[in-house]
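Inspection log for the structure reproduced underneath, given as structure tokens.
Take a look at the structure:
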């Protein structure tokens, strides 16, 4: 994972060291830690950093994937491939009640995200009694995330209180919480999207193929390219699947994740494209536009 | 070579901090199209500038910040120009949110302090400057903003600049630059200014030229141990982030504080054995031989070992709503080491308006104080001026787990070292033999009128009759002499109890059975007294009776006066009593008679 390229890049070298320090510090204070794994590039980078923190030993905690059953098929293949390796323990959890009640991305809008992601996560955290939860959020993703501390205490309902954040000085982290409370820990807080890609390149970290531009069957919907990943995508009148060379900047549930046309089919090209992009990364995440300040609202309800 | 500069923007509310950064990002083309779209919509919804873009909305990312149009917490923004990556820590200006500004200051290499050209340096500017000085932010620029509103008047700028230069030199900043701007229009943020009288840098030029807190590669290495990794029985790795210097395979090391020596066998960064690593790297090292090394220890070079101590002089900023009171016990965390600790004295607090030192008995929220701090056990440290990692600490409230202070170590207090501990020939064991008794401290706590003095007297008479050497320390009596200078507020009560506990300890060391009768209403103070004694030597007796019963007895007529408002801070009336959760003995003086209470205590003593 470590390479000369990382060692000679002072910015990346510092970020790697900071993340490892955070991961170890959170681990020391934890009784039952877990890493949230979303199969995306940030999760891939975070997993590599968690492994680096405990090398040459094995990663001492499992990963948790909240499966809404609407992820891209290539994401699930990638996940299952990872889970079959001896280095990683993976827990997959789905909100079965939400599934049985038929929640889906087409009919339920924001309620779908709440039931199949936020509630699903809270249920899984409660049932396994995890007390320290690693997640791959970055401050440069979005304005409310730009405000969050690295160690973020949560009340027994997993809520974030942005008005009363715990002061955080230097890298001197207070990892204590009172009974029933938990900690969210964000080791990638100070990374940018571009630095994540440079790290993925230099550390040779595998990522899902959906990040690379390939001809894919898509429909144009509300100015976005939505991939026809399986037969469940409900086509609107006049929508005709067509092959376009598209890629995805962020990954999630395929009906809610927009691709864009691109020629970037290598990591080098992705890095160039990211550096010169005139749009932010979240543009492809359709759920962030449900309501103004929607990310803060989701976060305060316990969403990652 | 790429490097990173972390800088804070601070200053009083409405001086234009968030606007400055929002505008800077916009002018640098670092706001993306969809961010500008959002900004345009938000400016119409929340903005304060009619149809113009309100750049502060780029930074104020929280719903309540946008609704109230103020910055509450730090925003972290990232941008790059040339070979430099920047992390902006945009901090709030309101006094109420000073602690969030302090958070940002602790992580910054450089600072931009904004003032409004119409108002110049105000109290909040001074407060922020004091905090920047405490956290040793090396480079400071004063940005005199809203110059358009004073017609770019040179005299105004010069007046503010000279006030700033005075303050900066008084607070010990190494460099201090003043820059005139207008953030709403972007003048002098990226490109230089229009005013003919100004030849200095723009904000961006200044940021590009200051050097980040560069580490000294020649400094002796210090590797604090964060975690001991034992994946298999034959691998033991010591993990941590190197605080300073360079570490190489084969380097001799000494473990601080144990003094055990070894050598570095292998250094890992992640899964790669690198042979060497330097300040800032998070590593895992293996050592020759089997050593007892734990979290909080430091691996240090034998010829320049790190110091360790248990008593410090420090500066701290108090963050909690409840004031800091000397004598209370907290948890101190310095890098990876932690220890129980208390502030033993407040030497002074800083006047926020002038920066000068004032006498103080307590510290309130957002105040900076110069204090003495005492730890239960020594920890490895460096002065904060030498190492932020090994000289900065936080205090944690053990009950609420809140972070209630951040502090920087100035130097060790050599009180203990200069006053050498004289070993004496006649020791405690010899005295115990002479007296034929096992000394201890019986600590009676309870409300006024609960029966403490009555029980204490009866107990002492009984012991005396058995031929025991005893001494009764009664709360009322010590206040006539030893503690005549103390009143009844929380700080004085804590000090009263501290002194009585120390006297009791001396007497127990002398071989005497000591009985203390003291209301001692606060659990933290009793807990602190307990820590002075060995296990089994401190017997806490809760003399329990409901407050109404005590008030009915009222042997000294105090409850009547307190309820009439004539005695402030009277326990049970206008000041709380925190009953012990796990006392050695609890006696109920409403249901148990005196003989019963005494025999319960005697039974536990034998």
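Protein chains in written order, with my numbering: chain A, 594 to 897; chain B, 430 to 1035.
For every residue, glycine included, the Cβ atom is placed at its ideal position computed from N, Cα and C.
{"query": "Assumed close pair residue 762 of chain A, residue 626 of chain A - CB separation to whole angstroms, cut-off 8 Å", "result": "Their Cβ separation, rounded to whole angstroms, is 23 Å, which puts residue 762 of chain A and residue 626 of chain A out of contact at 8 Å."}
{"query": "Residue 769 of chain A beta carbon less than 9 Å from that of residue 895 of chain A", "result": "no"}
{"query": "Segment contact flag, the segment 890-905 of chain B with the segment 944-955 of chain B, C-beta cutoff 8 Å, min 3 pairs", "result": "yes"}
{"query": "Any chain A beta carbon closer than 9 Å to residue 999 of chain B", "result": "no"}
{"query": "Per-residue DSSP class, three states only, for residue 768 of chain B", "result": "strand"}
{"query": "DSSP-derived helix/strand/coil call for residue 581 of chain B", "result": "coil"}
{"query": "Where residue 817 of chain A falls: helix, strand or coil (DSSP)", "result": "strand"}
{"query": "Span separating the alpha-carbon of residue 517 of chain B from that of residue 704 of chain A", "result": "35 Å"}
{"query": "Within chain B, the residues that residue 635 of chain A reaches when beta carbons sit closer than 7 Å", "result": "Simply none; closest approach about 15 Å."}
{"query": "Residues bridged to residue 1043 of chain B (per DSSP)", "result": "This structure gives no information on residue 1043 of chain B, because the portion of chain B shown stretches from 430 to 1035."}
{"query": "Short CB-CB distance (under 9 Å) between residue 854 of chain A and chain B", "result": "no"}
{"query": "8 Å Cβ cut-off: residues of chain A touching residue 430 of chain B", "result": "603"}
{"query": "contact_flag[the segment 597-607 of chain A, the segment 692-700 of chain A] where n(CB pairs < 8 Å) is 3 or more", "result": "no"}
{"query": "Chain B within 9 Å of residue 841 of chain A, Cβ atoms only", "result": "no"}
{"query": "Local conformation of residue 674 of chain B per DSSP, three classes", "result": "coil"}
{"query": "Contact check, residue 746 of chain B vs residue 561 of chain B, beta carbons under 9 Å", "result": "no"}
{"query": "Proximity below 9 Å, CB of residue 425 of chain B to CB of residue 600 of chain B", "result": "Residue 425 of chain B lies beyond the residue range present for chain B, which begins at 430 and ends at 1035; the question has no answer from this structure."}
{"query": "Inter-stretch contact at 8 Å, needing at least 3 Cβ pairs: the segment 445-459 of chain B / the segment 649-667 of chain B", "result": "no"}
{"query": "Interface flag, residue 705 of chain A vs chain B, CB-CB below 9 Å", "result": "no"}
{"query": "Residue 630 of chain A and residue 646 of chain A closer than 9 Å at C-beta", "result": "no"}
{"query": "Which listed residue (B:431, B:604, B:658, B:469) has its alpha carbon closest to that of residue 639 of chain B", "result": "B:604"}
{"query": "CB contact flag (residue 723 of chain B, residue 800 of chain B, <9 Å)", "result": "no"}
{"query": "Residue range of the alpha helix (DSSP H) that includes residue 647 of chain A", "result": "634-647"}
{"query": "DSSP-derived helix/strand/coil call for residue 692 of chain B", "result": "strand"}
{"query": "Within-9 Å CB hit, residue 539 of chain B to chain A", "result": "no"}
{"query": "Whole-angstrom C-beta distance between residue 440 of chain B and residue 554 of chain B, which should lie under 8 Å", "result": "6 Å"}
{"query": "Limits of the alpha helix (DSSP H) - the one that residue 490 of chain B falls within", "result": "Segment: none, residue 490 of chain B is in no alpha helix (DSSP H) and carries neither H nor E."}
{"query": "Residue 489 of chain B versus A:788, A:755, A:825, A:868, residue with shortest Cα-Cα distance", "result": "A:755"}
{"query": "Cβ-based burial, residue 595 of chain B [other Cβ within 10 Å; buried from 16]", "result": "exposed"}
{"query": "Which listed residue (B:550, B:1019, B:798, B:521) has its alpha carbon closest to that of residue 740 of chain A", "result": "B:521"}
{"query": "Three-way DSSP call (helix, strand, coil) for residue 867 of chain A in this model", "result": "helix"}
{"query": "Test: residue 790 of chain A CB closer than 9 Å to a CB of chain B", "result": "no"}
{"query": "Residue 637 of chain A Cβ short of 8 Å to the ligand ZN heavy atom set", "result": "Absent from the structure shown: the ligand ZN. Ligands present: none."}
{"query": "Short-range partners of chain A found in the segment 659-682 of chain B, where Cβ spacing is below 9 Å", "result": "659, 660, 661, 664, 666, 668, 669, 670, 671"}
{"query": "The segment 946-959 of chain B touching the segment 998-1010 of chain B, judged by at least three CB pairs closer than 8 Å", "result": "yes"}
{"query": "Host alpha helix (DSSP H) of residue 989 of chain B (start-end)", "result": "987-992"}
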